[in-house]
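For the sequence shown, our numbering begins at 1 and goes up steadily by one.
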Amino acid sequence: MLSKYVKAGSKLEMQKVDRMKYNKNAEKPPIYGTTVYDIISEDRLEIAMPMIKSKLILLPVDSEYDLCLYTDNGLYQCFGRVIDRYKANSIYVILVELTSNLRKFQRREFYRFSCALEMNSRKLEADEIKSVESELINLSPNLPLQRSIVVDISGGGLRFVSNYAYASDTLIQCCYSLLIDGKYKEYNLVGKVLSVKENPNRPGLFEHRVQYVDINTEEREEIIRFIFEEERKNRQKERWT
1 MLSKYVKAGS KLEMQKVDRM KYNKNAEKPP IYGTTVYDII SEDRLEIAMP MIKSKLILLP
61 VDSEYDLCLY TDNGLYQCFG RVIDRYKANS IYVILVELTS NLRKFQRREF YRFSCALEMN
121 SRKLEADEIK SVESELINLS PNLPLQRSIV VDISGGGLRF VSNYAYASDT LIQCCYSLLI
181 DGKYKEYNLV GKVLSVKENP NRPGLFEHRV QYVDINTEER EEIIRFIFEE ERKNRQKERW
241 T
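This is the structure we're talking about:
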(Lines of atoms letter the chains of each structure in order from A and count residues from 1; the text may use other names and numbers.)
(Lines give C-alpha, C1' and ligand atoms only; values in the text may rest on other atoms or scores of the structure.)
Protein backbone atom coordinates (compact mmCIF):
# COMPACT_ATOMS: atom_id res chain seq x y z
CA MET A 1 0.00 0.00 0.00
CA LEU A 2 2.91 2.35 0.71
CA SER A 3 4.22 2.45 -2.88
CA LYS A 4 0.66 2.82 -4.20
CA TYR A 5 0.27 6.28 -2.70
CA VAL A 6 3.72 7.49 -1.63
CA LYS A 7 6.62 8.23 -3.99
CA ALA A 8 10.06 9.79 -3.89
CA GLY A 9 9.64 13.52 -3.39
CA SER A 10 6.35 13.22 -1.48
CA LYS A 11 6.10 15.83 1.26
CA LEU A 12 5.66 14.76 4.86
CA GLU A 13 5.54 16.04 8.39
CA MET A 14 6.85 14.06 11.33
CA GLN A 15 6.36 14.52 15.07
CA LYS A 16 7.98 12.44 17.79
CA VAL A 17 5.66 10.10 19.65
CA ASP A 18 5.78 10.84 23.37
CA ARG A 19 5.22 7.66 25.40
CA MET A 20 5.42 9.50 28.71
CA LYS A 21 2.30 9.91 30.85
CA TYR A 22 0.10 12.84 29.95
CA ASN A 23 1.19 16.18 31.34
CA LYS A 24 -1.02 19.13 30.42
CA ASN A 25 1.88 21.53 31.08
CA ALA A 26 4.34 19.71 28.83
CA GLU A 27 5.18 21.23 25.44
CA LYS A 28 4.28 19.21 22.35
CA PRO A 29 7.24 17.85 20.35
CA PRO A 30 8.10 19.96 17.28
CA ILE A 31 6.78 19.05 13.83
CA TYR A 32 9.46 18.65 11.16
CA GLY A 33 8.70 19.14 7.47
CA THR A 34 10.73 17.12 4.96
CA THR A 35 10.39 14.78 1.94
CA VAL A 36 10.48 11.08 1.09
CA TYR A 37 13.87 10.24 -0.45
CA ASP A 38 13.09 6.69 -1.60
CA ILE A 39 10.74 3.73 -1.06
CA ILE A 40 12.77 0.71 0.06
CA SER A 41 9.89 -1.73 0.59
CA GLU A 42 6.24 -1.72 1.60
CA ASP A 43 7.20 -1.08 5.21
CA ARG A 44 10.46 0.87 4.90
CA LEU A 45 11.25 4.26 3.40
CA GLU A 46 14.15 6.67 3.33
CA ILE A 47 13.38 10.21 4.45
CA ALA A 48 15.57 13.27 3.89
CA MET A 49 16.97 14.39 7.22
CA PRO A 50 14.88 17.36 8.43
CA MET A 51 16.51 20.79 8.45
CA ILE A 52 15.79 24.02 10.27
CA LYS A 53 17.57 27.13 8.97
CA SER A 54 20.09 24.96 7.06
CA LYS A 55 20.87 22.94 10.20
CA LEU A 56 20.33 19.18 10.12
CA ILE A 57 18.07 17.72 12.82
CA LEU A 58 19.70 14.44 13.87
CA LEU A 59 16.73 12.26 14.79
CA PRO A 60 17.88 9.47 17.13
CA VAL A 61 17.80 5.81 16.09
CA ASP A 62 14.93 3.83 17.72
CA SER A 63 12.82 6.97 18.17
CA GLU A 64 9.22 6.68 16.97
CA TYR A 65 7.40 9.32 14.92
CA ASP A 66 3.88 10.14 13.81
CA LEU A 67 4.12 10.64 10.04
CA CYS A 68 1.70 12.70 7.93
CA LEU A 69 2.29 12.12 4.21
CA TYR A 70 1.03 14.39 1.45
CA THR A 71 0.04 12.38 -1.64
CA ASP A 72 -1.87 12.96 -4.87
CA ASN A 73 -4.69 11.03 -3.22
CA GLY A 74 -4.82 13.18 -0.10
CA LEU A 75 -3.27 13.03 3.36
CA TYR A 76 -2.19 9.73 4.92
CA GLN A 77 -0.97 9.00 8.43
CA CYS A 78 1.08 6.21 9.99
CA PHE A 79 3.70 5.61 12.70
CA GLY A 80 7.33 4.82 12.01
CA ARG A 81 10.55 4.04 13.87
CA VAL A 82 13.99 5.36 12.89
CA ILE A 83 16.24 2.31 12.37
CA ASP A 84 19.28 3.92 10.71
CA ARG A 85 20.92 7.18 9.60
CA TYR A 86 23.38 7.58 6.74
CA LYS A 87 24.37 9.57 3.66
CA ALA A 88 23.04 8.63 0.20
CA ASN A 89 24.26 10.51 -2.90
CA SER A 90 25.35 13.49 -0.79
CA ILE A 91 21.94 13.58 0.96
CA TYR A 92 21.61 12.82 4.66
CA VAL A 93 18.71 10.40 5.14
CA ILE A 94 17.03 8.40 7.86
CA LEU A 95 15.70 4.89 7.30
CA VAL A 96 12.23 4.55 8.81
CA GLU A 97 10.34 1.31 9.38
CA LEU A 98 6.56 1.68 9.50
CA THR A 99 5.02 0.35 12.70
CA SER A 100 1.38 0.80 11.59
CA ASN A 101 -0.66 0.72 8.40
CA LEU A 102 -1.32 3.82 6.32
CA ARG A 103 -4.71 5.39 6.90
CA LYS A 104 -6.49 8.27 5.21
CA PHE A 105 -6.07 11.32 7.37
CA GLN A 106 -8.45 14.25 7.72
CA ARG A 107 -7.33 17.06 9.99
CA ARG A 108 -8.40 20.55 10.88
CA GLU A 109 -4.98 22.11 11.19
CA PHE A 110 -2.63 22.64 8.25
CA TYR A 111 0.92 23.81 7.85
CA ARG A 112 1.01 27.57 7.22
CA PHE A 113 3.38 28.95 4.59
CA SER A 114 4.68 32.52 4.92
CA CYS A 115 4.38 34.46 1.68
CA ALA A 116 3.56 37.82 0.07
CA LEU A 117 0.69 37.08 -2.28
CA GLU A 118 -1.67 39.60 -3.86
CA MET A 119 -5.35 39.00 -3.16
CA ASN A 120 -8.63 40.80 -3.82
CA SER A 121 -11.62 40.41 -1.55
CA ARG A 122 -15.10 41.68 -0.79
CA LYS A 123 -17.89 41.11 1.68
CA LEU A 124 -20.59 38.71 0.46
CA GLU A 125 -24.05 40.03 -0.40
CA ALA A 126 -27.12 38.80 1.51
CA ASP A 127 -28.24 36.44 -1.27
CA GLU A 128 -24.72 35.00 -1.53
CA ILE A 129 -24.65 34.33 2.21
CA LYS A 130 -27.92 32.40 1.85
CA SER A 131 -26.37 30.31 -0.92
CA VAL A 132 -23.42 29.50 1.35
CA GLU A 133 -25.75 28.50 4.16
CA SER A 134 -27.60 26.18 1.78
CA GLU A 135 -24.22 24.69 0.69
CA LEU A 136 -24.90 25.74 -2.93
CA ILE A 137 -22.38 28.57 -3.18
CA ASN A 138 -23.28 31.04 -5.92
CA LEU A 139 -21.07 34.14 -6.12
CA SER A 140 -22.11 37.19 -8.14
CA PRO A 141 -19.55 38.13 -10.82
CA ASN A 142 -17.94 41.53 -11.49
CA LEU A 143 -18.59 43.10 -8.09
CA PRO A 144 -15.95 45.58 -6.81
CA LEU A 145 -13.02 44.03 -4.95
CA GLN A 146 -10.50 45.49 -2.52
CA ARG A 147 -6.78 44.78 -2.69
CA SER A 148 -4.87 43.08 0.11
CA ILE A 149 -1.73 41.00 0.70
CA VAL A 150 -1.76 37.39 1.93
CA VAL A 151 1.07 36.90 4.45
CA ASP A 152 0.54 33.20 5.09
CA ILE A 153 -1.59 30.48 3.52
CA SER A 154 -2.52 26.88 4.29
CA GLY A 155 -4.94 24.20 3.18
CA GLY A 156 -7.36 25.43 5.81
CA GLY A 157 -7.26 29.20 5.41
CA LEU A 158 -5.06 32.26 5.16
CA ARG A 159 -3.94 35.43 6.88
CA PHE A 160 -3.92 38.74 5.05
CA VAL A 161 -3.24 42.41 5.73
CA SER A 162 -5.09 45.41 4.30
CA ASN A 163 -5.80 49.10 4.88
CA TYR A 164 -9.44 48.26 5.64
CA ALA A 165 -11.06 45.98 8.21
CA TYR A 166 -13.80 43.37 8.04
CA ALA A 167 -15.74 42.46 11.16
CA SER A 168 -15.18 39.05 12.73
CA ASP A 169 -17.52 36.32 11.39
CA THR A 170 -17.94 38.18 8.07
CA LEU A 171 -18.12 35.94 4.99
CA ILE A 172 -15.85 37.22 2.23
CA GLN A 173 -14.82 36.27 -1.29
CA CYS A 174 -11.07 35.64 -1.58
CA CYS A 175 -9.54 35.92 -5.07
CA TYR A 176 -5.90 35.03 -5.71
CA SER A 177 -3.74 33.05 -8.15
CA LEU A 178 -1.25 30.25 -7.47
CA LEU A 179 1.33 28.59 -9.71
CA ILE A 180 0.00 25.04 -10.08
CA ASP A 181 1.81 22.53 -12.33
CA GLY A 182 3.62 25.34 -14.14
CA LYS A 183 0.50 27.45 -14.81
CA TYR A 184 -1.25 30.15 -12.82
CA LYS A 185 -4.68 29.14 -11.59
CA GLU A 186 -7.18 31.60 -10.14
CA TYR A 187 -9.04 30.73 -6.95
CA ASN A 188 -12.31 32.31 -5.90
CA LEU A 189 -13.00 30.96 -2.43
CA VAL A 190 -15.38 31.87 0.33
CA GLY A 191 -13.79 32.50 3.71
CA LYS A 192 -15.00 33.35 7.18
CA VAL A 193 -13.10 36.04 9.08
CA LEU A 194 -12.05 34.49 12.38
CA SER A 195 -10.32 37.55 13.81
CA VAL A 196 -9.09 41.01 12.87
CA LYS A 197 -6.61 43.26 14.65
CA GLU A 198 -4.84 46.51 13.89
CA ASN A 199 -1.06 46.45 13.64
CA PRO A 200 0.18 48.34 16.72
CA ASN A 201 3.27 49.52 14.84
CA ARG A 202 1.40 50.60 11.71
CA PRO A 203 -1.94 52.26 12.48
CA GLY A 204 -4.46 51.78 9.70
CA LEU A 205 -3.08 48.36 8.70
CA PHE A 206 -5.30 45.42 9.69
CA GLU A 207 -4.48 41.74 9.94
CA HIS A 208 -7.26 39.21 9.23
CA ARG A 209 -7.32 35.46 9.92
CA VAL A 210 -9.65 33.62 7.54
CA GLN A 211 -10.93 30.05 7.40
CA TYR A 212 -12.12 28.59 4.10
CA VAL A 213 -15.80 27.71 3.90
CA ASP A 214 -16.75 24.53 2.01
CA ILE A 215 -13.53 24.33 -0.05
CA ASN A 216 -13.48 21.22 -2.24
CA THR A 217 -10.83 18.52 -1.82
CA GLU A 218 -9.17 19.18 -5.18
CA GLU A 219 -8.61 22.87 -4.44
CA ARG A 220 -7.35 22.15 -0.93
CA GLU A 221 -4.84 19.59 -2.18
CA GLU A 222 -3.66 21.99 -4.92
CA ILE A 223 -2.99 24.64 -2.28
CA ILE A 224 -1.06 22.13 -0.17
CA ARG A 225 1.00 21.05 -3.20
CA PHE A 226 1.76 24.71 -3.97
CA ILE A 227 2.97 25.27 -0.41
CA PHE A 228 5.33 22.31 -0.38
CA GLU A 229 6.66 23.11 -3.84
CA GLU A 230 7.49 26.64 -2.68
CA GLU A 231 9.10 25.21 0.46
CA ARG A 232 11.23 22.92 -1.73
CA LYS A 233 12.36 25.91 -3.81
CA ASN A 234 13.26 27.83 -0.66
CA ARG A 235 15.32 24.92 0.70
CA GLN A 236 17.21 24.68 -2.59
CA LYS A 237 18.01 28.41 -2.44
CA GLU A 238 19.28 28.03 1.14
CA ARG A 239 21.66 25.26 0.06
CA TRP A 240 23.25 27.54 -2.51
CA THR A 241 23.60 30.58 -0.25
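Cβ atoms here follow ideal geometry from the backbone N, Cα and C, with glycine treated the same way.
According to the DSSP secondary-structure assignment, Leu189 is paired through a beta bridge with Cys174.
Contact annotation, Met49 with Ile94: C-beta distance approximately 6 Å; criterion of less than 8 Å satisfied. The alpha carbon of Leu2 has as its nearest neighbour, out of Lys197, Glu13, Ile39, the alpha carbon of Ile39. Within the region 85-153, complete alpha helix (DSSP H) segments of at least 4 residues are found at 126-133, given in chain order. Taking the Cα positions, Arg147 is about 25 Å away from Tyr111. Cβ contact annotation for Leu98 (same chain, cutoff 6 Å, sequence separation greater than five): Asp43, Cys78, Gly80, in chain order. Beta-bridge analysis with DSSP links Ala48 to Val93. DSSP places Lys11 in the uninterrupted beta strand (DSSP E) bounded by 11-16.
For Leu205, the three-state secondary structure derived from DSSP is coil. Residue Asn163 holds the alpha-carbon nearest to the alpha-carbon of Arg202 among Lys185, Cys115, Gly191, Asn163. With fewer than 16 other Cβ atoms inside 10 Å of its own Cβ, Glu118 counts as exposed. For Leu59, no beta strand (DSSP E) run applies, since DSSP gives it neither H nor E. Counted as a single uninterrupted DSSP element, the beta strand (DSSP E) harbouring Tyr37 occupies residues 31-41.
Looking at the backbone, the Cα of Gly74 and that of Asn101 are separated by about 16 Å. Distances from the alpha-carbon of Leu189 to those of Glu128, Lys183, Asp181 put Glu128 closest. C-alpha of Pro141 to C-alpha of Val132: approximately 15 Å in a straight line. Ranked by how close their Cα comes to the Cα of Lys55, the residues Val36, Tyr65, Leu145, Tyr92 have Tyr92 in first place.
No Cβ-Cβ contact shorter than 8 Å links Ile47 with Val61.
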